[in-house]
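K.L.:
Starting off with a structure, shown below.
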Amino acid sequence: MIKSISLFFCGVFFSTAAFALSPALPKHGKYGLINTNGDVVAEPIYDWIGPFASNGLAPVRMNGRAGYVNSRGEEAIPLKFDDVEGFSESGLAGVVVSGKKGYINASGSYVISPQDAWAGIHDEVFNQTRFASNGLAAAQEVGQRLPKWGYIDLHGDWVIKPQFLRASAFDANGFARVSRGEHIELIDQTGRKVFNTDFAGLGTFAANGLAPARLDNQWGYIDRTGRFVISPQFSLAWGFGADSPDGLTKVCGDEDCGYIDASGKFQWKYAKNELTIHGYANGFVQVQDTRNAHWGFVNLQGEVSVKAEFESAGLFSSQGLAAVRKEGLCGYINSHGEFVIPPAFAQAGEFSSQGLAVAQKAGKWGYIDIKGRTAIAFKFDGAEAFNIWGLAVVEVF
């Protein structure tokens with residue numbers, strides 16, 4: 023099954039890092055691109071197709087070589103590399119040739135020639151280490167017994183010398199998280215510590231200027247001066263942001279969890295042994311009853327909107343529909359829990375902005391519209407959701 027982006031398929035969740043180098047190849051299947059009319063944009067000849075970046079280029083791999091295709095399905099940068107990354111917001115992408123890593127621009131020209139003086143990694147805690155919008159990338163020196171991390175500029179020169187055990191990419195605020203040992207520091211693009219306190223855990227700053235931070239075993243929220251504005255009191259804490267309701271974030275204590283606002287005030291709580299929160303989108307929180315494992319939805323006041331009676335459930339799309347599984351088959355409900363598209367599919371994904379959802383029946387994948395009508399025939403062996411470019415990756419055995 024295709025695994026290059028995150029998708030909810032009515033009970034099955036696939037996820038891989040969009041910024042990691044290309045994943046291990048499947049045993050069979052070739053990948054191509056189609057548009058929303060079902061027309062082939064790129065023939066299914068590739069062993070892997072990654073996500074499209076904002077510049078309209080996607081990394082691809084075929085027969086052990088890697089390069090990039092554009093949104094017209096053309097090979098914009100020849101498949102001449104051993105491995106490739108997706109393009110970052112800096113407009114650069116990491117490529118590997120003969121074991122050495124370099125960086126290219128959207129025309130395929132080297133900005134930093136391949137070298138073995140440093141290398142990047144993917145780290146689940148510290149995110150990917152590609153070039154950020156400030157032109158700096160975390161890099162690890164090689165050839166050392168205990169290699170350390172620092173930051174290089176667009177010329178490949180060290181701007182912040184290797185000195186850290188771990189280092190994150192710089193965020194949109196110009197901060198990066200680094201570690202010299204057990205604790206985490208926040209540094210600016212000169213390498214200077216932003217504040218004196220070191221934390222046992224530290225998240226990224228949200229648009230409201232708050233970040234989750236842990237002292238000892240308790241989480242709270244700090245501002246950009248390092249001062250706690252919500253005191254450490256939670257066993258778990260998430261960041262304010264796109265995955266949470268507007269102005270709210272999820273926290274957990276020993277016995278319950280809930281959503282708080284930027285002042286630390288609870289909007290609503292629920293008992294851990296009764297409910298599990300799985301996600302939020304378009305005004306509804308996806309929940310699972312821990313007593314019977316069934317799924318449903320609540321609103322932002324914690325009131326039940328859709329009773330937990332489904333075997334699994336996706337998030338509500340902008341069209342007001344959510345994929346759910348009932349008696350082994352997937353269909354789509356509205357915000358009242360009523361089936362708009364009856365359960366008829368083995369798997370079903372979220373509706374994209376184009377109003378199409380990927381689904382599976384009789385062992386094949388295709389696409390349906392918001393009325394449940396077949397929009398693109400069920401003829402593929404694997405398929406992804408349509409992206410903002412109006413393209414979808416499909417697999418053919």
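Residues 23 to 419 (the working numbering) are what the sequence shown spells out, left to right. C-beta atoms are modelled at their ideal positions from N, C-alpha and C, and glycine is treated no differently.
Enumerate in chain order the residues of its own chain whose CB-to-CB distance from serine 155 is below 8 Å, with the five nearest sequence positions on each side excluded.
P.N.:
Cβ neighbours of serine 155 beyond the five flanking positions: Glu111, Ser112, Phe192, Ala194.
K.L.:
Per the DSSP calculation, threonine 312 is bridged to which residue(s)?
P.N.:
Paired residue(s): none; threonine 312 is not in a bridge.
K.L.:
Does the Cβ of valine 91 have 16 or more other Cβ atoms within 10 Å, making it buried, or fewer, making it exposed?
P.N.:
buried
K.L.:
Note down the Cα distance separating cysteine 274 from glycine 223, rounded to an integer number of angstroms.
P.N.:
15 Å
K.L.:
Quick check on threonine 271: buried or exposed, where buried means 16 or more other Cβ atoms within 10 Å of its Cβ?
P.N.:
Flag for threonine 271 reads buried.
K.L.:
Kindly give me the distance between the Cβ atoms of tyrosine 243 and alanine 233, rounded to whole angstroms, as I take these residues to be in contact under 8 Å.
P.N.:
7 Å
K.L.:
Just to confirm my understanding: we take alanine 397, look at its own chain, exclude 5 residues before and 5 after, and list those with CB closer than 7 Å. What are they?
P.N.:
Leu378, Tyr389, Ile390, Asp391
K.L.:
Could you spell out the range, first to last residue, of the beta strand (DSSP E) harbouring phenylalanine 240?
P.N.:
The sequence given here places glutamine at residue 240; phenylalanine does not occur at that position. Glutamine 240 -> beta strand (DSSP E) spans 240-244.
K.L.:
If you run the structure through DSSP and keep just helix, strand and coil, what is alanine 194?
P.N.:
coil
K.L.:
For leucine 177, which of helix, strand or coil comes out of DSSP?
P.N.:
In the sequence as presented, leucine is not what sits at residue 177; that position holds histidine. Of the three classes helix, strand and coil, the one that applies to histidine 177 here is coil, per DSSP.
K.L.:
If I'm right that lysine 170 touches leucine 187 with Cβ under 8 Å, what's the distance once you round it to whole angstroms?
P.N.:
7 Å
K.L.:
Flag this pair as yes or no: are the beta carbons of arginine 87 and lysine 102 separated by less than 9 Å?
P.N.:
yes
K.L.:
Let me confirm a value: alanine 46 is counted as buried when at least 16 other C-beta atoms fall within 10 Å, else exposed. Which label applies?
P.N.:
Reliability of the predicted coordinates at alanine 46 is poor, the pLDDT of 39 falling under 50, and the value obtained from them is presented with this limitation in mind. Counting Cβ neighbours within 10 Å, alanine 46 comes out exposed, since fewer than 16 surround it.
K.L.:
Please report how far the alpha carbon of tyrosine 454 lies from the alpha carbon of alanine 115, in whole angstroms.
P.N.:
A query on residue 454 cannot be resolved here, the shown segment of the chain reaching from 23 to 419 and no further.
K.L.:
Would you check if the distance between the CB atom of glycine 318 and the CB atom of glycine 359 is smaller than 9 Å?
P.N.:
yes
K.L.:
Thinking just about the alpha-carbon of each residue, which of Ser266, Pro267, Phe221 is nearest to the one in arginine 249?
P.N.:
The residue with the shortest Cα to Cα distance from arginine 249 is Phe221.
K.L.:
Across the segment 196-205 and the segment 251-263, are there enough close Cβ pairs to call them in contact, namely three or more that are closer than 8 Å?
P.N.:
At 8 Å Cβ cutoff, the stretches do not touch.
K.L.:
Report the CB separation of glycine 178 from isoleucine 134 in whole angstroms; it is logged as a contact under 8 Å.
P.N.:
Between glycine 178 and isoleucine 134, the beta carbon gap of about 4 Å places them in contact (Cβ cut-off 8 Å).
K.L.:
Valine 416: buried (16+ other C-beta within 10 angstroms of its C-beta) or exposed?
P.N.:
In this structure valine 416 is buried. Its beta-carbon is surrounded by 16 or more other beta-carbon atoms within 10 angstroms.
K.L.:
Measure from the alpha carbon of aspartate 245 to the alpha carbon of each residue in Asn239, Asp238, Gly225, then state which is nearest.
P.N.:
Gly225
K.L.:
With a floor of 3 residues, list each beta strand (DSSP E) that falls wholly inside the segment 271-358, ordered by position along the chain.
P.N.:
271-274, 278-282, 288-293, 297-303, 306-311, 317-320, 326-332, 344-348, 351-355
K.L.:
Where do the N-terminal and C-terminal ends of the beta strand (DSSP E) with valine 133 fall, by residue?
P.N.:
132-137
K.L.:
Assuming valine 346 and serine 334 form a contact by the criterion Cβ under 8 Å, report the distance between their Cβ atoms to the nearest whole angstrom.
P.N.:
Serine 334 and valine 346 do touch by the CB rule: their CB atoms are close to 7 Å apart, below 8 Å.
K.L.:
With DSSP as the reference, identify every bridge partner of lysine 383, one or two as the case may be.
P.N.:
Lys386
K.L.:
Return the CA-CA distance between glycine 350 and aspartate 403, expressed in angstroms with no decimal places.
P.N.:
20 Å
K.L.:
Take the Cβ of arginine 313 as the centre, count every other Cβ of all protein chains shown within 10 Å, and call the residue buried at 16 or more, exposed below.
P.N.:
exposed
K.L.:
Got a sec? Which residues, its chain only, sit under 8 Å from lysine 122 by beta carbon, not counting five neighbours each side?
P.N.:
Pro136, Gln137, Asp138
K.L.:
How is the beta strand (DSSP E) around glycine 51 delimited, first residue to last?
P.N.:
Taken as a continuous stretch (DSSP letters only), glycine 51 belongs to no beta strand (DSSP E), as it is neither H nor E.
K.L.:
Can you tell me which residues form a DSSP beta bridge with threonine 396?
P.N.:
Partner(s): Ile390.
K.L.:
Tell me the rounded alpha-carbon separation between isoleucine 71 and serine 374.
P.N.:
Computed Cα separation, rounded: 19 Å.
K.L.:
Does DSSP put glycine 261 in a helix, a strand or coil?
P.N.:
coil
K.L.:
Identify the continuous beta strand (DSSP E) that holds lysine 123 and give its terminal residues.
P.N.:
122-126
K.L.:
State the Cα-Cα distance for the pair alanine 198 and valine 118, rounded to the nearest angstrom.
P.N.:
25 Å
K.L.:
Give the straight-line distance between the Cα atoms of glycine 124 and serine 327, rounded to the nearest whole angstrom.
P.N.:
51 Å
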